[in-house]
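Visitor: Residues 6 to 228, numbered by this note's numbering, are exactly what the sequence shown covers, in order.
Handing you this structure, nothing more for now.
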Amino acid sequence: MHCPTVESPPRTVAQRTAARVALVLGLCSVLLLVPVVGEWGPLVSADRDVARTAHRWALAGPGVTRVCRILTDWVWDPMTVRLLGAAVAGWLVWRHTDWWTAGWLVTAAALGTLIQQALKAAVGRARPVWPDPVDSAHYAAYPSGHALTATVVAGLLLWLLHRHGAGPVVWRTALTVAVTSVAGVGLTRIWLGVHWPSDVLAGWLLGAALAALAIAAHLRWRP
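Written out as structure tokens, the structure is:
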């Protein structure tokens with residue numbers, strides 16, 4: 006006996022899409038990690054060429070470099086971004102009594118921090134070294150914690166805005182700020198000579214993969 010086809014609920018379709026995006030981005034992260042660990046010549050050479058050019062520009066433009074330091078150390082610093090996520094979590098509890106989503110947001114940001122620190126310790130990649138540095142940073146280089154944290158938090162906050170039905174003006178403004186912040190924080194890390202370009206790319210890829218995975222988990226397990 007033939008049974009009529011039933012369409013998957015929108016929530017299930019969105020969950021599967023998010024999971025697939027997380028899988029693809031995760032595979033891309035692995036494909037980048039392998040040549041980094043193996044110190045593949047073409048990648049190392051490209052990293053060094055871009056880093057040298059950026060450092061030369063940073064020395065030639067002290068005004069731009071000063072702005073980059075303010076942005077990366079204060080506006081886009083991982084602690085600032087995490088505090089923004091915590092503030093949104095508090096708002097979700099205060100206005101919507103949504104403890105589950107608030108905990109999910111904080112947990113996803115914390116997981117991103119743990120993964121980035123674990124990878125830094127495991128890979129142990131040295132940061133660029135300059136005779137005349139314009140900035141300094143701690144811990145290993147790979148992946149960029151600034152880029153990863155900004156991508157995770159920005160991605161999750163954008164999804165929450167979309168889920169809560171943000172108006173077109175609010176959505177376009179938030180999207181512009183998020184894209185500018187995620188791209189900008191990565192570029193400032195390269196400009197300031199504290200990361201190789203592939204460190205930043207890894208932060209973007211891993212951050213986007215974690216955000217997609219967190220969204221899939223929210224759609225799957227939220228009561």
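Every residue gets a Cβ at the ideal spot worked out from N, C-alpha and C, and that includes glycine.
If distances are taken between C-alpha atoms only, which option among Ala-131, Val-187 and Thr-154 comes closest to His-143?
Guide: Mapped onto the sequence shown, residue 143 falls at position 138. The candidate whose alpha carbon is nearest that of His-143 is Ala-131.
Visitor: Using only the alpha-carbon positions, how far apart do Ala-23 and Ala-221 sit?
Guide: Within the sequence shown, residue 23 is the residue found at index 18, counting from 1. Within the sequence shown, residue 221 is the residue found at index 216, counting from 1. For Ala-23 and Ala-221, the distance between alpha carbons rounds to 5 Å.
Visitor: Tell me, to the nearest whole angstrom, how far the beta carbon of Ser-149 is from that of Arg-194; I am working on the premise that it is less than 8 Å.
Guide: For this step, residue 149 is matched to residue 144 along the sequence shown. For this step, residue 194 is matched to residue 189 along the sequence shown. Yes, Ser-149 and Arg-194 are in contact; Cβ-Cβ is about 5 Å, under 8 Å.
Visitor: Mind reading off the beta-carbon distance from Ala-179 to Ala-171? Whole number of angstroms is fine, and I expect it under 8 Å.
Guide: As a position in the sequence shown, residue 179 is number 174, starting the count at 1. As a position in the sequence shown, residue 171 is number 166, starting the count at 1. Confirmed, Cβ separation roughly 7 Å.
Visitor: At the 8 Å Cβ level, is Gly-150 part of the contact set with chain B, yes or no?
Guide: Given the protein chain composition of this structure (a single chain), no chain B is represented.
Visitor: For Ser-203, count the other beta carbons within 10 Å of its own beta carbon; 16 or more makes it buried, fewer makes it exposed. Which is it?
Guide: The residue labelled residue 203 in the question sits at position 198 within the sequence shown. Result: buried.
Visitor: Take Leu-218 and list the residues in its own chain whose beta-carbon comes closer than 7 Å to its own, dropping the five residues that flank it on each side.
Guide: Looking up residue 218 in the sequence shown gives position 213. Closer than 7 Å at Cβ, skipping near neighbours: Ala-27.
Visitor: Can you tell me which of His-101, Val-128, Leu-224 and Leu-89 puts its alpha carbon nearest to the alpha carbon of Ala-114?
Guide: Here residue 114 corresponds to residue number 109 of the sequence shown, with the count starting at 1. For Ala-114, the nearest C-alpha among the options comes from Leu-89.
Visitor: Is DSSP giving Thr-102 helix, strand or coil here?
Guide: To locate residue 102, count along the sequence shown from 1; it is residue 97. Note: Thr-102 maps to coil in three-state DSSP.
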